Amino acid sequence: MKLLTLNFLTCAIKTCKTSPASFPLHPRDAELEIIESEINLPFLRNILPRLMWEEIRVIASELGLPSLPTTPPTREDLVEGASQAQATEQAEGEAVAEVEEVPSQTAKDLHRILLETGIKEGKLVCGNCAHEYKVMEGVANFLLPGHLV
Amino acid sequence: MATAMTPDDSQGSQRYEEEHVHSVYEQIASHFSSTRYKPWPIVERFLKEQQDGAVGADIGCGNGKYLAVNPRVYIVGSDRSRNLAQIATQHYPHSAIVADNLSLPHPASTFDFAISIAVVHHLSTPARRVEAVEAILELLKSPQQGEVAASGGKALIYVWALEQKDSRRGWDEGHEQDVMVPWVLKEKKEKAQKERKGRRKEAKEGAGVEGEKSAAVNQPESAKPAEDKTFLRYYHLYKKGELERDITEAGGEVVESGYEKDNWWAIATRKQ
Numbered sequence: 001m002k003l004l005t006l007n008f009l010t011c012a013i014k015t016c017k018t019s020p021a022s023f024p025l026h027p028r029d030a031e032l033e034i035i036e037s038e039i040n041l042p043f044l045r046n047i048l049p050r051l052m053w054e055e056i057r058v059i060a061s062e063l064g065l066p067s068l069p070t071t072p073p074t075r076e077d078l079v080e081g082a083s084q085a086q087a088t089e090q091a092e093g094e095a096v097a098e099v100e101e102v103p104s105q106t107a108k109d110l111h112r113i114l115l116e117t118g119i120k121e122g123k124l125v126c127g128n129c130a131h132e133y134k135v136m137e138g139v140a141n142f143l144l145p146g147h148l149v
Numbered sequence: 001m002a003t004a005m006t007p008d009d010s011q012g013s014q015r016y017e018e019e020h021v022h023s024v025y026e027q028i029a030s031h032f033s034s035t036r037y038k039p040w041p042i043v044e045r046f047l048k049e050q051q052d053g054a055v056g057a058d059i060g061c062g063n064g065k066y067l068a069v070n071p072r073v074y075i076v077g078s079d080r081s082r083n084l085a086q087i088a089t090q091h092y093p094h095s096a097i098v099a100d101n102l103s104l105p106h107p108a109s110t111f112d113f114a115i116s117i118a119v120v121h122h123l124s125t126p127a128r129r130v131e132a133v134e135a136i137l138e139l140l141k142s143p144q145q146g147e148v149a150a151s152g153g154k155a156l157i158y159v160w161a162l163e164q165k166d167s168r169r170g171w172d173e174g175h176e177q178d179v180m181v182p183w184v185l186k187e188k189k190e191k192a193q194k195e196r197k198g199r200r201k202e203a204k205e206g207a208g209v210e211g212e213k214s215a216a217v218n219q220p221e222s223a224k225p226a227e228d229k230t231f232l233r234y235y236h237l238y239k240k241g242e243l244e245r246d247i248t249e250a251g252g253e254v255v256e257s258g259y260e261k262d263n264w265w266a267i268a269t270r271k272q
């Protein structure tokens, strides 16, 4: 399960959802896997404003991944020499639009952590009720036992 | 077609759906998935209408055939069947998890859109169907949050219709709405497999949107019937206007609704 998913997940128990402690879920005993994929700049740019950055930093640090910068990257940060390209575009008009955008190191790092890094086996734990959800073969299971439904 | 005898208490309903819906899909997952590849037009249109970068939820995503329709959005799919969710994880860059429509693990008011395709009709009481719709609407951004004034998130909900007298099933107004529908799982034999491929198109033409095989039409002569296994799935067939009523009761507002090939569908938002 790619880490980006955690940005949109909380505890499945209704009474937990209103508690801030239920988000994000905390990985435990996680075995990570890397599934390489082609970087998609427009996708990263689109998803950027939706990221709960502070929470993603917490997850990354809990997983022992390299620490993320304290402030989220901007859209411009994702492209190599973005400010330069903008200047040229103004001067030459449409000709520049055909130049392929080159992903910056920031974009590559973001792609690596959100889309290529995944939890293969382990648990996701709610910070409010401590319920554990299992991740098996890369799929997280949120079905609740009968007494919790 | 057998009439379904549904229990009327909540615990009983859960057990009933476990036996007559969840466990069936778990067992037929791979075969079911192989027959589900073509997106339905209304669903495709809805997905393609979403703004670039929109984030959506596909509640009851099955094999994930809708995840990849619009490459400019990101969708988290969920399904009650682990085997189907596992198949759905293949659709990069989207995600798929195992979850129950009535206990969804998503923060409320987060999604730009949601789809629920052929799912709500599997819940066995009126109250549980309304609860399922409520759970879907709850995921959506409220109208105040939407980027365009007063829009908010939208959900597309799709259910099987009672009124389908021209379909292979032949149900129509006045018929029993709670039914058991068979799914025939063929024993894997090379010869039977081959024949099935040839017949798939034929079956698609005649069948409703659901398109599953019927024992009578698709029985290859060479296959021994004893080796086939028939599973019965519970369905509540929706009457005209019933989906809209469920949505209103769940606190939603119907923006658009209609009928497409044996199914009722509606696009809904949360009330202001």
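Here the protein sequences line up with chains A and B, keeping their order.
As numbered in UniProt numbering, the first sequence has no gaps in its residue numbers, which increase by one up to the final residue, 149.
As numbered in UniProt numbering, the second sequence has no gaps in its residue numbers, which increase by one up to the final residue, 272.
The beta carbon of each residue, even a glycine, is placed where N, CA and C say it ideally should be.
Since we're looking at a predicted model, the values are computed, not measured.
Using a cut-off of 7 angstroms between C-beta atoms, extract the partners of residue i located in chain A.
i	result
residue 105 (chain B)	9, 10, 11, 12 and 142
residue 169 (chain B)	Going along chain A, no residue has its Cβ under 7 angstroms from residue 169 (chain B), so there is no contact; the nearest lies around 31 angstroms.
residue 76 (chain B)	5 and 8
residue 108 (chain B)	17
residue 85 (chain B)	139
residue 69 (chain B)	Per Cβ cutoff of 7 angstroms: no residues; residue 69 (chain B) is ~15 angstroms from chain A at best.
So the beta strand (DSSP E) residue i belongs to, where does it begin and stop?
i	result
residue 178 (chain B)	178-185
residue 270 (chain B)	263-270
residue 27 (chain A)	26-34
residue 292 (chain B)	Nothing can be reported for residue 292 (chain B): it is not among the residues displayed for chain B, which extend from 1 to 272.
residue 114 (chain B)	113-117
residue 156 (chain B)	154-160
residue 135 (chain A)	132-136
residue 255 (chain B)	252-260
Quick check on this structure: which residue in the options has the alpha carbon closest to the alpha carbon of residue i?
i	options	result
residue 56 (chain B)	B:81, B:76 and B:39	B:76
residue 88 (chain B)	B:19, B:11, B:170 and B:32	B:32
residue 122 (chain B)	B:83, B:12, B:132 and B:261	B:132
residue 120 (chain A)	A:106, A:58, A:7 and A:35	A:35
residue 104 (chain B)	B:66, B:140 and B:70	B:140
residue 109 (chain A)	A:143, A:125 and A:73	A:73
residue 104 (chain A)	A:3, A:77 and A:54	A:77
residue 157 (chain B)	B:29, B:136, B:66 and B:180	B:136
residue 146 (chain A)	B:160, B:3 and B:10	B:10
residue 327 (chain B)	B:69, B:115 and B:64	Beyond the ends of chain B as shown, which are 1 and 272, falls residue 327 (chain B); an answer cannot be given.
residue 124 (chain B)	B:272, B:236, B:3 and B:256	B:236
residue 47 (chain B)	B:180, B:116 and B:258	B:116
residue 131 (chain A)	A:7, A:8, A:12 and A:53	A:12
residue 47 (chain A)	A:107, A:27 and A:61	A:107
residue 227 (chain B)	B:184, B:269 and B:59	B:184
residue 44 (chain A)	A:18, A:111, A:138 and A:62	A:111
residue 230 (chain B)	B:23, B:12, B:14 and B:17	B:23
residue 118 (chain B)	B:166, B:16 and B:42	B:42
residue 3 (chain A)	A:123, A:149, A:114 and A:100	A:114
Could you give the residue range of the alpha helix (DSSP H) that holds residue i?
i	result
residue 61 (chain A)	53-62
residue 107 (chain A)	105-111
residue 25 (chain B)	23-34
residue 13 (chain B)	10-17
residue 44 (chain B)	41-49
residue 120 (chain B)	Premise fails: residue 120 (chain B) is in no alpha helix (DSSP H) and is neither H nor E.
residue 243 (chain B)	242-249
residue 14 (chain A)	14-17
Give me the chain A residues within the contact set of residue i, using Cβ-Cβ distance strictly less than 8 angstroms, ordered along the chain.
i	result
residue 98 (chain B)	139, 140, 141, 142 and 143
residue 93 (chain B)	2, 4, 37, 40, 43 and 115
residue 72 (chain B)	42, 43 and 46
residue 52 (chain B)	42 and 46
residue 132 (chain B)	By Cβ distance, chain A contributes nothing, its closest Cβ being about 13 angstroms from residue 132 (chain B), past 8 angstroms.
residue 82 (chain B)	139 and 141
residue 6 (chain B)	The premise fails here: residue 6 (chain B) is roughly 18 angstroms from chain A at the closest Cβ pair, so nothing lies under 8 angstroms.
residue 321 (chain B)	Beyond the ends of chain B as shown, which are 1 and 272, falls residue 321 (chain B); an answer cannot be given.
Any idea which residues DSSP pairs residue i with across the strands?
i	result
residue 118 (chain A)	A:2 and A:33
residue 39 (chain A)	According to DSSP, residue 39 (chain A) bridges with nothing at all.
residue 230 (chain B)	B:184
residue 79 (chain B)	B:98
residue 147 (chain A)	Partner(s): none; residue 147 (chain A) has no beta bridge.
residue 81 (chain A)	DSSP lists no partner for residue 81 (chain A).
residue 3 (chain B)	B:179
residue 103 (chain B)	B:100
residue 236 (chain B)	B:178
residue 140 (chain A)	A:135
Residue i touches chain A at which residues, Cβ-Cβ below 9 angstroms?
i	result
residue 14 (chain B)	146 and 149
residue 250 (chain B)	The contacting residues do not exist; residue 250 (chain B) stays about 15 angstroms from chain A at best.
residue 254 (chain B)	Neighbours of residue 254 (chain B) on chain A: none; closest Cβ ~25 angstroms, over 9 angstroms.
residue 119 (chain B)	In chain order: nothing, as chain A lies at least about 15 angstroms away.
Inset, instruction - Please name the residues in the segment 12-27 of chain A whose beta-carbon is closer than 9 angstroms to at least one beta-carbon of chain B, in chain order. - result: 12, 13, 14, 17, 18, 22, 23 and 25
Legend entry - Within 7 angstroms of chain B by C-beta, residues of the segment 49-79 of chain A in sequence order: 50
Legend entry - Interface positions of the segment 19-36 of chain B facing chain A (Cβ-Cβ less than 7 angstroms), listed along the chain: none
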